[in-house]
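Numbering (the numbering used here), first residue to last: 3 to 601.
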């Protein structure tokens, strides 16, 4: 077909499709109408390009070359992908994803709806912002909130969200594309994209419910099938799709070689068993062309080299942190004294080991915290103790971690972690204790085990809920035994500490943190003279100024604070010359704004 004939056909089809959309029409399945040529649809994160609508491979190559910065286009249903790749072998690659299809003519809805949440269409700007937070936590490409908002009533794109029935929090999202409205698909197909569930979600079945609701939405429109693309090594997702009746089909996808897709065409990760806290730094370093040498993968030790500088690290702990600063953070008693002299508010503390002194301290403050003087990851800490017997039992448990034990007055509030890098606050998060939600049929033990599995899956095995005396104490304090079956919807806090390693969840509040809390964290870091640190405060509210200092962590988990740029700022500190000029200027403007707010 001559080029001018293709242009005439394309313009005619585009005009017809536009008219149909305006009139709310769609072509019938199996109609003889030809699909729109060279079709694509903007999904916010990038374009979904329908490769089967391209007759000329050169046209598809040029379309992929037009990918916008910070987006991720995908060409699906590509005919003869080897021919397309031959046209630009240095720029394009064959996506190692698998395509699954759900036959909507045989699909059957779930017999019973899940409890504790409901599925609805995205409808507000707050929904769009919440979805982007989930995308960031899952390492997905963010979508401009205005795109979500401007397309909220579009029929070609459907965005659903899962909302917690009690809190109203958006816990998950999925996007769907109606192929008939996108390119006059004669097969009447549809597809699913961007299925994402918050790592902090307390409910089971969110992903399955989102998939089912989208399938039922397209089924009601008369679509014949729903396709999706999943990475070849995502066994957990593929198990879900198998369960729901999807089947593998042969469909090829091609993507552009951009930084977002780099791990898909460079051979993947280093051959090392790094935990998520080391991985996030190593990935950022490799992205910038910094050489990485794994010293001990299991322990999280690696060396970064760039230009004339070489720095050894253990996760976020580097040679830039002195042995003195490390010693200060190691002993909670010393840390408290150092930051108190710098003007940081601290809780009352008792270091006298005698039972009489501890009983008197409890009588004075009514509720106390028991913690080992040395230790990490929440081990040995008990919160909210109100009787002498509870205190004595907690002291004995804390001594297993460290012989020296301290008592502190209990501050009523929430646990906040502020990440300070180069004496600037990079990320702030509220850390909330592990909790379960009753379903009316499972015992508390079973609910804890299920929630622990979900937390482990969401954090690479870093977060689990211990089945120990402290968990039993918290359950008992809530008025239950471990074998009780709570009613559906009943929420029970099963740990008082909010540490990630004991099942706690992390919620980003960087943008809404009071300047007084920012200032306190920076003061504490400067007093300790530590360039990278996690400062823990107890606060009434992130937007309020009331707080007390809890402790300083010399090796904070940067991976816990995505989508905030913690790894980027850490690598900036180690190798400032690796920062791109535009990023450096934007960063300097951000630091100036932070200083102005703190002034």
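Even for Gly, the Cβ is constructed at its ideal location relative to N, Cα and C.
In the three-state DSSP reduction, residue 74 falls in the coil class, being neither helix nor strand. For residue 460, the CB contacts under 6 Å within the same chain, skipping 5 residues up- and downstream, are 201 in chain order. Looking at the backbone, the Cα of residue 69 and that of residue 493 are separated by about 46 Å.
A straight line joining the alpha-carbon of residue 324 with that of residue 532 spans about 7 Å.
Rounded to the nearest angstrom, the gap between the Cα atoms of residue 422 and residue 527 is 7 Å. Here residue 194 really is in contact with residue 178; their C-beta atoms are around 6 Å apart, less than 8 Å. Put simply, the segment 464-484 does not touch the segment 282-296. Fewer than three CB pairs are less than 8 Å apart. Pairing residue 467 with residue 415 gives a Cβ-Cβ distance that is not under 8 Å.
Counting of Cβ neighbours within 10 angstroms places residue 426 among the buried residues, the total reaching 16 or more. Annotation: residue 228 is outside any alpha helix (DSSP H); the continuous beta strand (DSSP E) that includes it extends over 227-233. With contacts defined as CB atoms closer than 8 Å, residue 317 and residue 305 fail to qualify as a contacting pair.
In the three-state DSSP reduction, residue 175 falls in the strand class (E or B). By DSSP's assignment, residue 446 forms no beta bridge with any residue. Looking at the DSSP output, residue 291 bridges to nothing.
Counting only residues of its own chain and dropping the five nearest sequence neighbours on each side, residue 85 has a CB closer than 7 Å to the CB of 59. Excluding residues up to 5 positions away in sequence, 569, 570, 572 and 573 lie with their Cβ nearer than 8 Å to the Cβ of residue 286 in the same chain. In the DSSP assignment, residue 160 is bridged to 178. Scanning the segment 292-333 for uninterrupted alpha helix (DSSP H) segments of 4 residues or longer gives 325-332, listed from N- to C-terminal end. When C-beta atoms of the segment 245-252 are compared with those of the segment 104-121, three or more pairs fall below 8 Å, so the two segments count as touching. For residue 512, no beta strand (DSSP E) encloses it, and the DSSP letter there is neither H nor E. In this structure residue 390 is exposed. Its beta-carbon is surrounded by fewer than 16 other beta-carbon atoms within 10 angstroms. If you ignore the 5 residues before and after residue 507, its C-beta comes within less than 6 Å of the C-beta of 202 and 434, all in its own chain and listed in chain order.
Note that the segment 536-552 touches the segment 507-525; at least 3 beta-carbon pairs, one per stretch, sit closer than 8 Å. For residue 41, the CB contacts under 6 Å within the same chain, skipping 5 residues up- and downstream, are 52, 55 and 185 in chain order.
In the displayed model, residue 434 falls within a strand according to three-state DSSP.
Ranked by Cα distance from residue 314, the first of 329, 564 and 297 is 297. For residue 418 against residue 408, the beta-carbon gap comes to about 20 Å, at or over 8 Å, which does not count as contact.
Spatial neighbours of residue 138 in its own chain (CB-CB distance under 7 Å, excluding positions within 5 residues in sequence) are listed in chain order as 144, 564 and 565. Contact check for residue 346 and residue 525: beta-carbon distance about 5 Å, within the 8 Å limit, so the pair qualifies. Taking all protein chains in view, the Cβ of residue 578 is surrounded by fewer than 16 other Cβ atoms within 10 Å, so the residue is classified as exposed.
In this structure the segment 116-126 touches the segment 150-167; the number of beta carbon pairs closer than 8 Å is three or more. Remark: three or more beta-carbon pairs, one from each stretch, lie closer than 8 Å, so the segment 546-560 and the segment 328-348 are flagged as touching. Of all alpha-carbon atoms in 399, 481 and 218, the one lying nearest the alpha-carbon of residue 471 is that of 399. Relative to the Cα of residue 509, the nearest Cα in the group 360, 171 and 106 belongs to 171. If you ignore the 5 residues before and after residue 302, its C-beta comes within less than 6 Å of the C-beta of 277, 280, 316 and 317, all in its own chain and listed in chain order.
For residue 254, there is no enclosing alpha helix (DSSP H), as DSSP gives it neither H nor E.
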